[in-house]
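S.K.:
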Amino acid sequence: GAGVSQSPRYKVAKRGQDVALRCDPISGHVSLFWYQQALGQGPEFLTYFQNEAQLDKSGLPSDRFFAERPEGSVSTLKIQRTQQEDSAVYLCASSLLPGTGNEQFFGPGTRLTVL
Amino acid sequence: GENVEQHPSTLSVQEGDSAVIKCTYSDSASNYFPWYKQELGKRPQLIIDIRSNVGEKKDQRIAVTLNKTAKHFSLHITETQPEDSAVYFCAASNLLTGGGNKLTFGTGTQLKVEL
């Protein structure tokens, strides 16, 4: 079975552009997380989905960030009017069940560079 | 919210020696502590985890210890090999929040195993 996949792997955007990052979790995984990893830092939580419900978006840094998972599988993280400080690797992770300590499997990430 | 501190930020050992990485956490409600290994340009991968009802866990050359009273946990790697060279992240989570087990990561330790 395939692991978590993300696309695109690399994205270069001019400041002010909108971007959309896609995550394909492992099939059947209920929980889906987005993290932001700045260079040389640990991943930081952005938002969490349980199936299609976005239960926690406390980590989204501004209202320019929006995430969705409309059918409870694929998720999209959208960043509007990108700024240079948005440059980072965006990691998606999925786990089978919520709240049970099941391993979070990470995707390869999307490296976003905002010029 | 939870805050996780990790030390050292870099660690260089000779092949065959042991390596120890230490983390502290702030939220006494945290009860799940995974460790991830991230090679350059790759996704984080879980190497071992521990729950708060256990004081120590071993898996071959890797062990993790947890001191709930002091709120710190450590990763121990014995008989280090060059392929152990990577960035290691500790993390903490509360499995009982009902909103998923989002991870709070430390800042990472760059481990270099020298021949």
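So the sequence lines, in the order shown, correspond to chains A and B.
Each residue of the first sequence is one higher than the last, beginning at 2 in the numbering used here.
Each residue of the second sequence is one higher than the last, beginning at 673 in the numbering used here.
For each residue, glycine too, the CB sits at the ideal point set by N, CA and C.
Could you check whether the stretch 738 to 748 of chain B touches the stretch 681 to 689 of chain B, counting it as contact only if at least three pairs of C-beta atoms, one from each stretch, sit closer than 8 Å?
M.R.: Short answer: they don't touch.
S.K.: Just to confirm, is the Cβ distance from LEU97(A) to VAL31(A) under 9 Å?
M.R.: Taking 9 Å as the Cβ cut-off, LEU97(A) and VAL31(A) qualify as a contacting pair.
S.K.: Give a yes or no on whether the minimum CB-CB distance between ASN675(B) and chain A is below 9 Å.
M.R.: Not closer than 9 Å to any Cβ of chain A, the Cβ of ASN675(B) fails to qualify, so no.
S.K.: Nearest to HIS744(B) by CA position, among THR781(B), ARG723(B) and CYS695(B), is which residue?
M.R.: Cα-wise, what sits closest to HIS744(B) is CYS695(B).
S.K.: Would you give the residue range spanned by the beta strand (DSSP E) that GLU786(B) belongs to?
M.R.: It spans 781 to 786 - the beta strand (DSSP E) in which GLU786(B) sits, taken as one unbroken run.
S.K.: Could you tell me if ALA764(B) is buried or exposed, where buried requires 16 or more neighbouring beta carbons within 10 angstroms of its beta carbon?
M.R.: Buried.
S.K.: Using a Cβ-Cβ cut-off of less than 8 Å, give me the residues of the stretch 711 to 738 of chain B that come near chain A, in sequence order.
M.R.: Listed in sequence order: LYS714, ARG715, PRO716, GLN717, LEU718, ASP721 and ARG723.
S.K.: Spell out a yes or no on whether the stretch 700 to 714 of chain B and the stretch 52 to 64 of chain A are touching, meaning 3 or more CB-CB pairs, one atom from each, closer than 8 Å.
M.R.: Counting Cβ pairs under 8 Å, fewer than three are found: no touch.
S.K.: Taking only beta-carbon positions, decide if GLY110(A) is within less than 9 Å of chain B.
M.R.: It does: the Cβ of GLY110(A) has a partner Cβ on chain B nearer than 9 Å.
S.K.: Is the distance from the Cβ of TRP35(A) to the Cβ of SER76(A) below 9 Å?
M.R.: Yes. Within cutoff.
S.K.: Counting contacts by CB-CB distance shorter than 9 Å, is TYR708(B) in contact with chain A?
M.R.: Cβ-Cβ to chain A under 9 Å: yes for TYR708(B).
S.K.: Looking only at its own chain, which residues have a Cβ that is under 7 Å from the Cβ of ARG723(B), when we skip the five neighbours before and after it?
M.R.: Closer than 7 Å at the Cβ level, and outside the excluded window around ARG723(B), lie ASN703 and TYR704.
S.K.: Taking the alpha carbon of ARG16(A) as the reference point, which residue from ARG82(A), ASN52(A) and ASP64(A) has its own alpha carbon closest?
M.R.: Nearest C-alpha to ARG16(A): ARG82(A).
S.K.: Could you compute how far the alpha carbon of ASN52(A) sits from the alpha carbon of ARG23(A)?
M.R.: Each residue's alpha carbon lies about 16 Å from the other.
S.K.: Is the shortest distance between the beta-carbon of ASN52(A) and the beta-carbons of chain B less than 9 Å?
M.R.: No - not a single Cβ of chain B is within 9 Å of the one on ASN52(A).
S.K.: What three-state label does DSSP hand ASP689(B) in the structure shown?
M.R.: It is coil, neither helix nor strand.
S.K.: Which residue wins for smallest C-alpha separation from ASN675(B), given the options LYS774(B), VAL785(B), GLU786(B) and GLN782(B)?
M.R.: Considering only alpha carbons, the answer is LYS774(B).
S.K.: Would you check if the distance between the CB atom of PRO109(A) and the CB atom of PHE761(B) is smaller than 9 Å?
M.R.: No, the Cβ-Cβ distance between PRO109(A) and PHE761(B) is not below 9 Å.
S.K.: Hey, does PHE761(B) have any beta-carbon neighbour from chain A nearer than 9 Å?
M.R.: Judged by the 9 Å Cβ criterion, PHE761(B) is in contact with chain A.
S.K.: Do GLU687(B) and THR752(B) have their beta-carbon atoms positioned less than 9 Å apart in this structure?
M.R.: Contact flag set, yes.
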